[in-house]
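Residue numbers (the working numbering): 1 to 493.
Reading through the C-alpha coordinates given below for one structure.
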(Lines of atoms letter the chains of each structure in order from A and count residues from 1; the text may use other names and numbers.)
(Lines give C-alpha, C1' and ligand atoms only; values in the text may rest on other atoms or scores of the structure.)
Protein backbone atom coordinates (compact mmCIF):
# COMPACT_ATOMS: atom_id res chain seq x y z
CA UNK A 1 0.00 0.00 0.00
CA UNK A 2 1.15 3.58 -0.59
CA UNK A 3 1.83 5.99 2.24
CA UNK A 4 -1.62 7.57 2.20
CA UNK A 5 -3.26 4.17 2.47
CA UNK A 6 -0.89 3.25 5.29
CA UNK A 7 -1.83 6.40 7.19
CA UNK A 8 -5.52 5.70 6.77
CA UNK A 9 -4.97 2.18 8.07
CA UNK A 10 -3.26 3.63 11.15
CA UNK A 11 -6.17 6.03 11.59
CA UNK A 12 -8.55 3.07 11.62
CA UNK A 13 -6.41 1.22 14.17
CA UNK A 14 -6.35 4.28 16.43
CA UNK A 15 -10.14 4.44 16.36
CA UNK A 16 -10.38 0.73 17.09
CA UNK A 17 -8.18 1.34 20.17
CA UNK A 18 -10.66 4.00 21.34
CA UNK A 19 -8.34 6.91 20.54
CA UNK A 20 -9.95 10.10 19.21
CA UNK A 21 -7.50 11.15 16.48
CA UNK A 22 -9.03 14.64 16.30
CA UNK A 23 -9.73 15.73 19.92
CA UNK A 24 -11.41 18.98 20.89
CA UNK A 25 -8.60 20.76 22.74
CA UNK A 26 -5.24 20.46 24.47
CA UNK A 27 -3.95 22.56 27.36
CA UNK A 28 -0.34 23.42 26.68
CA UNK A 29 1.72 25.08 29.37
CA UNK A 30 4.18 26.86 27.09
CA UNK A 31 4.92 27.56 23.48
CA UNK A 32 8.07 25.78 22.34
CA UNK A 33 10.01 29.07 22.34
CA UNK A 34 8.93 29.69 25.94
CA UNK A 35 9.82 26.14 26.89
CA UNK A 36 13.28 26.42 25.36
CA UNK A 37 13.97 29.55 27.39
CA UNK A 38 12.73 27.80 30.53
CA UNK A 39 14.91 24.76 29.90
CA UNK A 40 18.00 26.79 29.10
CA UNK A 41 17.58 28.91 32.23
CA UNK A 42 17.12 25.81 34.42
CA UNK A 43 20.52 24.40 33.44
CA UNK A 44 21.46 21.49 35.73
CA UNK A 45 18.58 22.05 38.16
CA UNK A 46 17.94 18.67 39.90
CA UNK A 47 14.19 19.43 39.76
CA UNK A 48 13.61 19.85 36.01
CA UNK A 49 10.58 21.84 34.95
CA UNK A 50 7.56 19.97 33.65
CA UNK A 51 6.04 21.21 30.40
CA UNK A 52 3.07 20.44 28.17
CA UNK A 53 3.85 21.28 24.56
CA UNK A 54 1.97 20.96 21.29
CA UNK A 55 2.97 21.08 17.66
CA UNK A 56 3.69 19.11 14.51
CA UNK A 57 6.14 16.23 14.30
CA UNK A 58 8.57 17.21 11.55
CA UNK A 59 11.04 14.34 12.04
CA UNK A 60 10.97 10.91 13.72
CA UNK A 61 13.91 8.55 14.29
CA UNK A 62 12.90 5.17 15.69
CA UNK A 63 15.44 2.90 17.44
CA UNK A 64 13.79 -0.18 18.92
CA UNK A 65 12.94 0.72 22.51
CA UNK A 66 13.42 4.47 22.02
CA UNK A 67 12.56 7.17 19.52
CA UNK A 68 13.72 10.71 18.90
CA UNK A 69 11.34 13.19 17.30
CA UNK A 70 11.30 16.86 16.45
CA UNK A 71 8.29 18.91 17.55
CA UNK A 72 7.66 22.24 15.83
CA UNK A 73 5.12 24.98 16.43
CA UNK A 74 4.70 28.46 14.93
CA UNK A 75 7.97 29.89 16.16
CA UNK A 76 10.37 27.17 17.30
CA UNK A 77 11.24 23.47 17.47
CA UNK A 78 12.50 21.11 20.15
CA UNK A 79 13.70 17.52 20.33
CA UNK A 80 11.58 14.85 22.02
CA UNK A 81 12.81 11.57 23.48
CA UNK A 82 10.34 8.73 23.94
CA UNK A 83 11.20 5.38 25.52
CA UNK A 84 9.44 2.11 26.21
CA UNK A 85 9.96 2.43 29.97
CA UNK A 86 9.14 6.13 30.47
CA UNK A 87 6.58 7.01 27.80
CA UNK A 88 2.98 5.98 28.31
CA UNK A 89 1.71 3.87 25.38
CA UNK A 90 5.08 4.05 23.64
CA UNK A 91 4.05 1.24 21.31
CA UNK A 92 1.26 3.34 19.80
CA UNK A 93 3.73 6.13 19.13
CA UNK A 94 6.11 3.70 17.50
CA UNK A 95 3.52 2.01 15.31
CA UNK A 96 0.76 4.55 14.66
CA UNK A 97 2.29 8.04 14.69
CA UNK A 98 3.83 9.56 11.56
CA UNK A 99 5.85 12.57 10.55
CA UNK A 100 3.37 15.39 10.02
CA UNK A 101 1.01 14.38 12.84
CA UNK A 102 0.01 17.02 15.36
CA UNK A 103 0.69 15.88 18.92
CA UNK A 104 0.74 17.14 22.47
CA UNK A 105 3.42 15.93 24.87
CA UNK A 106 4.06 16.18 28.59
CA UNK A 107 7.48 15.69 30.14
CA UNK A 108 10.66 17.15 31.61
CA UNK A 109 13.89 18.54 30.20
CA UNK A 110 17.27 16.97 29.91
CA UNK A 111 20.34 17.71 27.79
CA UNK A 112 21.78 15.04 25.49
CA UNK A 113 25.47 14.15 25.30
CA UNK A 114 25.70 16.38 22.21
CA UNK A 115 24.33 19.29 24.22
CA UNK A 116 20.84 19.44 22.74
CA UNK A 117 17.94 20.49 24.96
CA UNK A 118 15.40 17.67 24.86
CA UNK A 119 12.04 16.82 26.42
CA UNK A 120 11.71 13.34 27.90
CA UNK A 121 8.12 12.67 26.88
CA UNK A 122 6.23 10.80 29.56
CA UNK A 123 2.89 11.09 27.78
CA UNK A 124 1.81 11.99 24.29
CA UNK A 125 -1.62 12.79 22.85
CA UNK A 126 -2.47 12.66 19.17
CA UNK A 127 -4.09 15.99 18.23
CA UNK A 128 -4.56 15.49 14.48
CA UNK A 129 -3.66 12.48 12.38
CA UNK A 130 -2.11 13.67 9.10
CA UNK A 131 -3.34 11.61 6.16
CA UNK A 132 -1.12 13.38 3.64
CA UNK A 133 2.67 12.93 3.83
CA UNK A 134 4.86 16.02 4.19
CA UNK A 135 7.42 16.99 1.56
CA UNK A 136 10.78 15.33 2.11
CA UNK A 137 12.93 17.21 4.61
CA UNK A 138 15.96 17.71 2.42
CA UNK A 139 14.18 18.20 -0.90
CA UNK A 140 11.40 20.26 0.56
CA UNK A 141 8.71 22.18 -1.29
CA UNK A 142 10.38 23.90 -4.23
CA UNK A 143 7.66 24.43 -6.80
CA UNK A 144 6.63 28.08 -6.54
CA UNK A 145 3.14 27.51 -7.92
CA UNK A 146 2.49 24.79 -5.32
CA UNK A 147 3.77 27.09 -2.57
CA UNK A 148 1.22 29.74 -3.55
CA UNK A 149 -1.66 27.41 -4.38
CA UNK A 150 -1.24 25.26 -1.25
CA UNK A 151 0.04 27.89 1.16
CA UNK A 152 -0.79 25.68 4.14
CA UNK A 153 1.72 23.13 2.87
CA UNK A 154 4.31 25.84 2.24
CA UNK A 155 3.90 27.12 5.81
CA UNK A 156 4.22 23.61 7.24
CA UNK A 157 7.37 22.92 5.25
CA UNK A 158 9.14 26.27 5.60
CA UNK A 159 9.52 27.97 8.98
CA UNK A 160 11.09 31.00 7.27
CA UNK A 161 7.90 31.48 5.25
CA UNK A 162 5.88 31.50 8.48
CA UNK A 163 8.17 34.15 9.92
CA UNK A 164 7.88 36.26 6.76
CA UNK A 165 4.08 36.39 7.06
CA UNK A 166 4.28 37.07 10.79
CA UNK A 167 6.65 39.93 10.00
CA UNK A 168 4.19 41.21 7.41
CA UNK A 169 1.44 41.23 10.02
CA UNK A 170 3.67 43.18 12.39
CA UNK A 171 4.38 45.75 9.68
CA UNK A 172 0.65 46.44 9.35
CA UNK A 173 0.32 46.74 13.14
CA UNK A 174 3.20 49.24 13.16
CA UNK A 175 1.56 51.30 10.42
CA UNK A 176 -1.58 51.48 12.54
CA UNK A 177 0.42 52.44 15.64
CA UNK A 178 2.23 55.21 13.74
CA UNK A 179 -1.01 56.74 12.48
CA UNK A 180 -2.87 56.29 15.76
CA UNK A 181 -0.08 58.16 17.56
CA UNK A 182 -0.58 61.08 15.16
CA UNK A 183 -4.29 61.42 15.72
CA UNK A 184 -5.57 59.63 12.63
CA UNK A 185 -8.93 57.87 12.98
CA UNK A 186 -9.25 54.44 11.39
CA UNK A 187 -12.52 54.04 9.48
CA UNK A 188 -14.34 51.53 7.30
CA UNK A 189 -15.80 52.44 3.92
CA UNK A 190 -17.83 50.27 1.51
CA UNK A 191 -16.22 47.40 -0.35
CA UNK A 192 -19.28 47.11 -2.60
CA UNK A 193 -19.79 50.44 -4.33
CA UNK A 194 -22.46 51.65 -6.77
CA UNK A 195 -19.84 53.91 -8.40
CA UNK A 196 -16.20 52.88 -8.28
CA UNK A 197 -13.45 55.48 -8.27
CA UNK A 198 -10.24 56.85 -6.82
CA UNK A 199 -7.86 55.21 -9.30
CA UNK A 200 -7.35 54.51 -12.99
CA UNK A 201 -8.28 50.84 -13.08
CA UNK A 202 -10.89 48.42 -14.36
CA UNK A 203 -13.23 47.12 -11.64
CA UNK A 204 -14.77 43.77 -10.87
CA UNK A 205 -18.54 43.94 -11.28
CA UNK A 206 -21.19 42.03 -9.37
CA UNK A 207 -24.97 42.16 -9.04
CA UNK A 208 -27.20 42.65 -6.01
CA UNK A 209 -30.33 40.52 -6.38
CA UNK A 210 -32.51 42.35 -3.84
CA UNK A 211 -31.64 45.85 -5.04
CA UNK A 212 -31.55 44.73 -8.68
CA UNK A 213 -28.50 46.79 -9.48
CA UNK A 214 -24.89 46.40 -10.50
CA UNK A 215 -22.25 46.99 -7.84
CA UNK A 216 -18.47 47.11 -8.05
CA UNK A 217 -15.71 45.88 -5.80
CA UNK A 218 -13.81 48.98 -4.79
CA UNK A 219 -10.65 49.93 -6.63
CA UNK A 220 -9.92 52.52 -3.92
CA UNK A 221 -11.60 53.98 -0.82
CA UNK A 222 -10.52 57.51 -1.81
CA UNK A 223 -13.78 59.29 -2.54
CA UNK A 224 -15.48 57.96 0.59
CA UNK A 225 -12.55 58.99 2.79
CA UNK A 226 -12.59 62.53 1.39
CA UNK A 227 -16.31 62.72 2.10
CA UNK A 228 -15.35 62.15 5.75
CA UNK A 229 -12.90 65.08 5.61
CA UNK A 230 -15.81 67.19 4.32
CA UNK A 231 -17.83 65.90 7.27
CA UNK A 232 -15.33 67.26 9.79
CA UNK A 233 -12.96 64.36 10.50
CA UNK A 234 -9.55 66.01 10.14
CA UNK A 235 -7.38 62.89 9.85
CA UNK A 236 -8.70 59.56 8.60
CA UNK A 237 -7.21 56.36 7.28
CA UNK A 238 -8.28 52.95 6.10
CA UNK A 239 -6.36 49.73 5.57
CA UNK A 240 -8.49 48.28 2.82
CA UNK A 241 -8.62 45.27 0.56
CA UNK A 242 -9.02 46.68 -2.94
CA UNK A 243 -9.71 44.91 -6.22
CA UNK A 244 -8.47 45.83 -9.68
CA UNK A 245 -9.22 43.80 -12.77
CA UNK A 246 -5.66 43.93 -14.05
CA UNK A 247 -2.74 41.71 -14.92
CA UNK A 248 -0.67 39.63 -12.52
CA UNK A 249 3.08 40.08 -12.17
CA UNK A 250 5.73 40.46 -9.48
CA UNK A 251 4.28 43.82 -8.36
CA UNK A 252 0.57 43.33 -9.11
CA UNK A 253 -2.16 41.09 -7.73
CA UNK A 254 -5.84 41.79 -8.50
CA UNK A 255 -6.63 41.85 -4.77
CA UNK A 256 -4.20 43.72 -2.53
CA UNK A 257 -4.05 45.73 0.68
CA UNK A 258 -3.97 49.51 0.41
CA UNK A 259 -3.36 52.11 3.10
CA UNK A 260 -5.13 55.35 2.28
CA UNK A 261 -5.05 58.39 4.55
CA UNK A 262 -6.22 61.98 4.33
CA UNK A 263 -5.21 64.97 6.41
CA UNK A 264 -7.07 68.27 6.43
CA UNK A 265 -5.15 71.56 6.16
CA UNK A 266 -2.20 69.79 4.52
CA UNK A 267 -0.78 69.35 1.01
CA UNK A 268 1.46 66.96 -0.88
CA UNK A 269 4.63 68.29 0.76
CA UNK A 270 3.19 67.28 4.13
CA UNK A 271 2.49 63.84 2.67
CA UNK A 272 6.14 63.53 1.60
CA UNK A 273 7.27 64.18 5.15
CA UNK A 274 4.67 61.75 6.51
CA UNK A 275 5.82 59.06 4.07
CA UNK A 276 9.45 59.46 5.12
CA UNK A 277 8.53 59.29 8.80
CA UNK A 278 6.19 56.31 8.36
CA UNK A 279 8.69 54.19 6.42
CA UNK A 280 11.51 55.14 8.79
CA UNK A 281 9.45 54.21 11.86
CA UNK A 282 8.27 50.87 10.51
CA UNK A 283 11.67 49.87 9.10
CA UNK A 284 13.48 50.69 12.33
CA UNK A 285 10.94 48.86 14.47
CA UNK A 286 10.69 45.72 12.35
CA UNK A 287 14.28 45.42 11.09
CA UNK A 288 16.26 47.42 13.63
CA UNK A 289 17.91 49.29 10.76
CA UNK A 290 17.18 51.82 8.02
CA UNK A 291 19.46 50.16 5.48
CA UNK A 292 18.36 47.43 3.09
CA UNK A 293 20.03 45.41 0.36
CA UNK A 294 18.74 46.01 -3.16
CA UNK A 295 19.67 45.35 -6.77
CA UNK A 296 20.83 48.14 -9.04
CA UNK A 297 19.53 48.28 -12.60
CA UNK A 298 22.66 46.47 -13.80
CA UNK A 299 22.17 43.66 -11.29
CA UNK A 300 24.76 44.62 -8.69
CA UNK A 301 23.85 44.42 -5.01
CA UNK A 302 23.70 47.84 -3.38
CA UNK A 303 22.66 49.13 0.02
CA UNK A 304 19.87 51.68 0.25
CA UNK A 305 19.14 54.00 3.15
CA UNK A 306 15.49 54.59 4.03
CA UNK A 307 16.31 57.50 6.33
CA UNK A 308 15.09 60.97 5.35
CA UNK A 309 15.42 63.13 3.41
CA UNK A 310 14.48 61.20 0.30
CA UNK A 311 15.48 62.52 -3.09
CA UNK A 312 12.92 64.78 -4.79
CA UNK A 313 12.83 64.68 -8.58
CA UNK A 314 10.19 66.05 -10.93
CA UNK A 315 8.51 63.72 -13.39
CA UNK A 316 9.94 65.65 -16.34
CA UNK A 317 13.46 65.71 -14.91
CA UNK A 318 13.31 61.97 -14.19
CA UNK A 319 12.43 61.22 -17.82
CA UNK A 320 15.26 63.46 -18.97
CA UNK A 321 17.79 61.94 -16.55
CA UNK A 322 16.96 58.27 -17.01
CA UNK A 323 15.35 58.04 -20.47
CA UNK A 324 17.30 60.80 -22.20
CA UNK A 325 14.17 62.63 -23.35
CA UNK A 326 13.80 66.37 -22.79
CA UNK A 327 10.05 66.63 -22.32
CA UNK A 328 10.16 70.42 -22.69
CA UNK A 329 10.86 69.87 -26.40
CA UNK A 330 7.97 67.42 -26.82
CA UNK A 331 4.94 69.52 -27.65
CA UNK A 332 2.77 67.20 -29.74
CA UNK A 333 1.64 63.61 -29.70
CA UNK A 334 3.74 62.82 -32.78
CA UNK A 335 6.81 64.26 -31.06
CA UNK A 336 6.03 62.12 -28.02
CA UNK A 337 5.82 59.04 -30.25
CA UNK A 338 9.14 59.93 -31.86
CA UNK A 339 10.76 60.44 -28.45
CA UNK A 340 9.42 57.09 -27.24
CA UNK A 341 10.74 55.37 -30.35
CA UNK A 342 14.12 57.00 -29.80
CA UNK A 343 14.14 55.58 -26.27
CA UNK A 344 13.53 52.08 -27.62
CA UNK A 345 9.78 51.65 -27.07
CA UNK A 346 7.63 49.84 -29.63
CA UNK A 347 5.60 52.58 -31.29
CA UNK A 348 2.86 50.26 -32.58
CA UNK A 349 1.82 49.65 -28.95
CA UNK A 350 1.42 53.40 -28.33
CA UNK A 351 -0.83 54.41 -31.24
CA UNK A 352 -4.02 54.73 -29.17
CA UNK A 353 -2.42 56.68 -26.33
CA UNK A 354 -2.48 60.41 -25.62
CA UNK A 355 0.63 62.58 -25.31
CA UNK A 356 0.59 62.24 -21.55
CA UNK A 357 -0.01 58.48 -21.66
CA UNK A 358 2.94 58.01 -24.02
CA UNK A 359 5.14 59.82 -21.50
CA UNK A 360 3.67 57.59 -18.80
CA UNK A 361 4.63 54.47 -20.73
CA UNK A 362 8.11 55.93 -21.28
CA UNK A 363 8.42 56.52 -17.53
CA UNK A 364 7.21 53.02 -16.65
CA UNK A 365 9.57 51.24 -19.02
CA UNK A 366 12.70 53.39 -18.87
CA UNK A 367 12.67 55.21 -15.53
CA UNK A 368 10.92 53.24 -12.76
CA UNK A 369 13.37 50.37 -12.39
CA UNK A 370 16.27 52.84 -12.14
CA UNK A 371 14.82 54.52 -9.04
CA UNK A 372 16.71 52.38 -6.53
CA UNK A 373 17.41 54.99 -3.85
CA UNK A 374 14.28 56.29 -2.06
CA UNK A 375 12.90 58.98 -4.37
CA UNK A 376 9.77 61.11 -4.64
CA UNK A 377 8.79 61.59 -8.29
CA UNK A 378 6.65 64.71 -8.24
CA UNK A 379 4.66 67.17 -10.36
CA UNK A 380 3.00 64.95 -12.96
CA UNK A 381 1.17 66.20 -16.08
CA UNK A 382 -2.22 67.48 -14.97
CA UNK A 383 -4.06 65.42 -17.58
CA UNK A 384 -3.00 62.23 -15.75
CA UNK A 385 -4.48 63.40 -12.43
CA UNK A 386 -8.26 64.05 -12.48
CA UNK A 387 -8.57 64.17 -8.66
CA UNK A 388 -5.56 66.39 -7.97
CA UNK A 389 -5.02 70.12 -7.47
CA UNK A 390 -3.15 71.88 -10.22
CA UNK A 391 0.36 72.95 -9.33
CA UNK A 392 0.37 76.35 -7.66
CA UNK A 393 3.25 77.48 -9.92
CA UNK A 394 2.39 75.75 -13.21
CA UNK A 395 -1.20 74.78 -14.06
CA UNK A 396 0.02 72.28 -16.68
CA UNK A 397 1.19 70.12 -13.77
CA UNK A 398 -0.52 68.49 -10.80
CA UNK A 399 0.63 68.44 -7.17
CA UNK A 400 1.13 64.71 -7.13
CA UNK A 401 4.03 62.49 -6.14
CA UNK A 402 4.81 58.79 -6.11
CA UNK A 403 7.44 57.31 -3.77
CA UNK A 404 9.85 54.81 -5.35
CA UNK A 405 12.30 52.52 -3.56
CA UNK A 406 14.37 49.66 -4.99
CA UNK A 407 12.91 50.24 -8.46
CA UNK A 408 9.34 49.84 -7.19
CA UNK A 409 6.49 52.30 -6.79
CA UNK A 410 5.22 52.22 -3.20
CA UNK A 411 2.25 54.55 -3.49
CA UNK A 412 0.64 57.74 -4.69
CA UNK A 413 -0.13 61.10 -3.07
CA UNK A 414 -1.83 64.39 -3.92
CA UNK A 415 -2.77 67.81 -2.87
CA UNK A 416 -6.44 66.90 -3.19
CA UNK A 417 -8.66 68.70 -5.69
CA UNK A 418 -11.30 70.60 -3.71
CA UNK A 419 -12.96 72.87 -6.31
CA UNK A 420 -16.34 71.22 -7.04
CA UNK A 421 -16.81 72.93 -10.43
CA UNK A 422 -13.35 71.96 -11.60
CA UNK A 423 -13.89 68.41 -10.32
CA UNK A 424 -17.15 68.18 -12.27
CA UNK A 425 -15.30 69.34 -15.39
CA UNK A 426 -12.63 66.68 -14.83
CA UNK A 427 -15.33 64.02 -14.53
CA UNK A 428 -16.79 65.25 -17.84
CA UNK A 429 -13.40 64.84 -19.52
CA UNK A 430 -13.12 61.34 -18.07
CA UNK A 431 -16.59 60.55 -19.41
CA UNK A 432 -15.42 61.53 -22.90
CA UNK A 433 -12.44 59.22 -22.55
CA UNK A 434 -14.71 56.37 -21.49
CA UNK A 435 -16.89 56.96 -24.56
CA UNK A 436 -13.72 56.75 -26.67
CA UNK A 437 -12.99 53.30 -25.27
CA UNK A 438 -10.76 54.02 -22.25
CA UNK A 439 -11.67 51.21 -19.84
CA UNK A 440 -9.76 52.87 -16.98
CA UNK A 441 -11.44 56.28 -17.25
CA UNK A 442 -12.87 57.57 -13.96
CA UNK A 443 -16.68 57.40 -13.78
CA UNK A 444 -18.67 60.45 -12.76
CA UNK A 445 -19.66 60.55 -9.11
CA UNK A 446 -22.25 63.30 -8.73
CA UNK A 447 -22.68 62.75 -5.01
CA UNK A 448 -18.96 63.27 -4.50
CA UNK A 449 -19.21 66.60 -6.34
CA UNK A 450 -22.14 67.50 -4.08
CA UNK A 451 -19.98 66.70 -1.05
CA UNK A 452 -17.27 69.03 -2.38
CA UNK A 453 -19.90 71.77 -2.69
CA UNK A 454 -20.16 71.73 1.11
CA UNK A 455 -16.44 72.53 1.31
CA UNK A 456 -13.39 70.26 1.34
CA UNK A 457 -10.59 72.04 3.21
CA UNK A 458 -7.04 71.95 1.82
CA UNK A 459 -6.22 68.25 2.11
CA UNK A 460 -3.23 66.03 1.57
CA UNK A 461 -3.87 62.42 0.62
CA UNK A 462 -1.55 59.42 0.57
CA UNK A 463 -1.96 55.82 -0.58
CA UNK A 464 0.65 53.13 0.07
CA UNK A 465 0.47 49.57 -1.17
CA UNK A 466 1.10 47.65 2.05
CA UNK A 467 1.98 44.43 0.25
CA UNK A 468 4.75 46.29 -1.57
CA UNK A 469 5.94 47.82 1.69
CA UNK A 470 6.11 44.31 3.14
CA UNK A 471 8.03 43.18 0.04
CA UNK A 472 10.53 45.98 0.58
CA UNK A 473 11.08 45.32 4.28
CA UNK A 474 11.25 41.52 4.01
CA UNK A 475 13.25 41.27 0.79
CA UNK A 476 10.51 39.29 -0.98
CA UNK A 477 10.90 39.18 -4.76
CA UNK A 478 7.20 39.02 -5.65
CA UNK A 479 3.99 40.42 -4.24
CA UNK A 480 2.60 36.87 -4.40
CA UNK A 481 5.21 35.86 -1.84
CA UNK A 482 3.75 38.25 0.77
CA UNK A 483 0.05 37.62 0.06
CA UNK A 484 -1.06 34.45 1.79
CA UNK A 485 -3.49 33.37 -0.92
CA UNK A 486 -2.72 35.23 -4.17
CA UNK A 487 -4.98 34.80 -7.15
CA UNK A 488 -3.73 31.96 -9.34
CA UNK A 489 -4.62 30.61 -12.73
CA UNK A 490 -6.82 27.53 -12.59
CA UNK A 491 -4.84 24.42 -11.73
CA UNK A 492 -3.57 22.88 -14.94
CA UNK A 493 -4.54 25.99 -16.92
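Quick reminder that beta carbons are idealized off the backbone N, C-alpha and C, glycines included.
Per the DSSP secondary-structure output, residue 125 pairs in a beta bridge with 104. Here residue 264 carries a strand assignment [DSSP, helix/strand/coil]. With a cutoff of 9 Å on beta-carbon distance, residue 178 and residue 276 are scored as not near each other.
For residue 414, the uninterrupted beta strand (DSSP E) segment begins and ends at 411 to 415. The continuous beta strand (DSSP E) containing residue 463 extends over residues 459 to 465.
When the alpha-carbon of residue 463 is set against those of 248, 353, 415, 352, the nearest one is in 415. Taking every protein chain shown into account, the CB of residue 408 has 16 or more other CB atoms within 10 angstroms, so this residue is buried. 241 is the residue among 445, 241, 74, 461 whose C-alpha sits nearest the C-alpha of residue 218. In the same chain as residue 198, and ignoring 5 residues on each side of it, the C-beta atoms closer than 6 Å to its own belong to 220, 222, 223, in chain order.
Per DSSP, residue 165 is one residue of the alpha helix (DSSP H) stretching across 159 to 181. With a cutoff of 9 Å on beta-carbon distance, residue 422 and residue 359 are scored as not near each other. Residue range 333 to 342 is occupied by the alpha helix (DSSP H) that includes residue 342. If you keep only unbroken beta strand (DSSP E) runs of at least 3 residues inside the stretch 267 to 354, you get 291 to 295, 301 to 305, 311 to 314. In the displayed model, residue 55 falls within a strand according to three-state DSSP. Between the alpha carbons of residue 85 and residue 175 lies a gap of roughly 53 Å. In this structure the stretch 78 to 98 lies against the stretch 107 to 125, because at least three pairs of beta carbons, one per stretch, are closer than 8 Å. Counting C-beta atoms within 10 angstroms of its own C-beta, residue 381 has 16 or more neighbours from the protein chains shown and is therefore classed as buried.
Residue environment analysis places residue 364 among the exposed positions, since fewer than 16 neighbouring C-beta atoms fall within 10 angstroms of its C-beta. According to the DSSP assignment, residue 216 belongs to the beta strand (DSSP E) that extends over 213 to 217. Residue 207 places its beta carbon 9 Å or farther from that of residue 401. Following the DSSP letters along the chain, one finds residue 446 inside the alpha helix (DSSP H) bounded by residues 446 to 453. In the DSSP assignment, residue 150 falls outside any beta strand (DSSP E), carrying neither H nor E. Taking a C-beta distance under 9 Å as the contact criterion, residue 60 and residue 68 qualify as a contact pair.
Between the alpha carbons of residue 471 and residue 289 lies a gap of roughly 16 Å.
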